[in-house]
Amino acid sequence: MMKARLIIPAYNEEENIALFYEEARKYLVYDDIEFDMLFVNDGSKDNTLEAIKNIEVKDIPVKYLSLSRNFGKEPAMHAGLVNSQDKDFIIIIDCDLQQPPALIPEMIQYYREGYKIIYTKSKSRDGEPRLRRLFANLFYKIYNVYTERPLINGAKDYQLMDKQVVDAFIRIKDNNRFIKGIFSWVGFKRKSIEFDFIPRQHGKTSWSFYSLLKYAFNGMNQFSTILLVLPVLSFVLGFMVLIVDIFLYIFDFYALTTFIITLHLSFIILALSIFSYVIIYLLYQNRKQVLQRPIYLIEEASEDLQVE
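Residue numbers for the sequence shown follow our numbering, beginning at -5 and rising by one.
In structure tokens, the structure reads:
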């Protein structure tokens, strides 16, 4: 009998917990697989933890971890993986029902065929806010130019992972977790499944523009060289402005002197700002790595769950 687990990170999802359980359990009943669900409450401000405890458990057992504060989705997923090392495979899925549990049987079929990672991706970004769609497409294009392991645009955290993949993931000691980058880096035989965008039915997304921007910078710092290229680009930008300045001076555009000086200084300040920000950001991230603080802290857990 194989053992498997659904890992469900949850932040302010009290309205979706019971609905998710009832929907997901339909696809977890197998003669040769023993499933359970592990909810990871990521320091929710609402009654998410109470909703998890109050699930009317039927054929699929429920366990939970509750983190001491909101560490973020990446640490929450990592907590779930660390505490699921005894499983033959796991499936990470959000509980907002935007990622359809109905894909689980297909994922398991590919797992039986020998695939180590079965990940999902949206067919298109239609339905997402325009600004978020634009930002996401730009992120993937820039990221993939400056990395040895490109990311797939539209790929989700909703994926099945074999025990061997989970063990490899946990061996990586990066303090800042960027799961999309890690699973691209580890390799292994993989298969993709596409699905149409599903709008959220209950609650609000916890991904603000700022959190997405922070997530993107973290990803580029961990697995891309773009942040190392930015200072060079800022120098080139300043040099080009200097060339234009010299050109205008040679051809006696004295009437534009004030404008030229202002423009030149503006670009120099911009270049220095970019350079300074990148250096400070990299130093800050390296400091976090050196300090080796825990990726997450657990405040409460199911009695029948051996916590690590």
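C-beta atoms are modelled at their ideal positions from N, C-alpha and C, and glycine is treated no differently.
Determine, using beta carbons only, whether residue i and residue j come nearer to each other than 8 Å.
i: L0; j: A18; result: yes
i: Y152; j: D82; result: no
i: L59; j: L32; result: yes
i: D156; j: K110; result: yes
i: V34; j: I2; result: yes
i: D298; j: K47; result: no
i: F29; j: P94; result: no
i: A149; j: K174; result: yes
Please classify residue i: does DSSP put it in a helix, a strand, or coil?
i: I192; result: coil
i: Q158; result: helix
i: P95; result: helix
i: I274; result: helix
i: R124; result: helix
i: P(-5); result: Reading the sequence as shown, one finds Met at residue -5 and not Pro. Coil at M(-5), not helix or strand.
i: I173; result: helix
i: S59; result: One point to set straight first is that residue 59 is Leu, not Ser, in the sequence displayed. Three-state DSSP puts L59 in a strand.
i: F129; result: helix
i: I84; result: strand
i: R184; result: strand
i: S116; result: strand
i: F33; result: strand
Could you give the first and the last residue of the continuous beta strand (DSSP E) run that contains residue i?
i: V301; result: Per DSSP, V301 belongs to no beta strand (DSSP E) and is neither H nor E.
Could you work out which residue in the options is closest to residue i when comparing CA atoms only?
i: I192; options: I49, K117, Q300, K20; result: K117
i: E8; options: M101, A45, K167, D26; result: A45
i: S78; options: Y5, I164, P94; result: I164
i: S62; options: V180, V160, G37, P144; result: G37
i: S178; options: P144, R287, V160, F29; result: P144
i: Y290; options: A73, K20, L266; result: A73
i: L307; options: Y15, F172, I49; result: In the structure displayed, the chain extends from -5 to 302; residue 307 sits before or after that span and is not available.
i: I146; options: I166, A130, V159, R106; result: A130
i: L264; options: E107, F133, V230; result: V230
Could you check how far apart the C-beta atoms of residue i and residue j are, in whole angstroms? I think they sit under 8 Å.
i: K185; j: I84; result: The Cβ separation is near 16 Å, so there is no contact.
i: L128; j: I187; result: Contact flag wrong, Cβ pair sits at about 26 Å.
i: V23; j: D53; result: 6 Å
i: M(-4); j: D26; result: 6 Å
i: Y21; j: P99; result: 6 Å
Can you name the start and end residues of the alpha helix (DSSP H) that residue i belongs to?
i: L43; result: 42 to 47
i: Y15; result: 11 to 18
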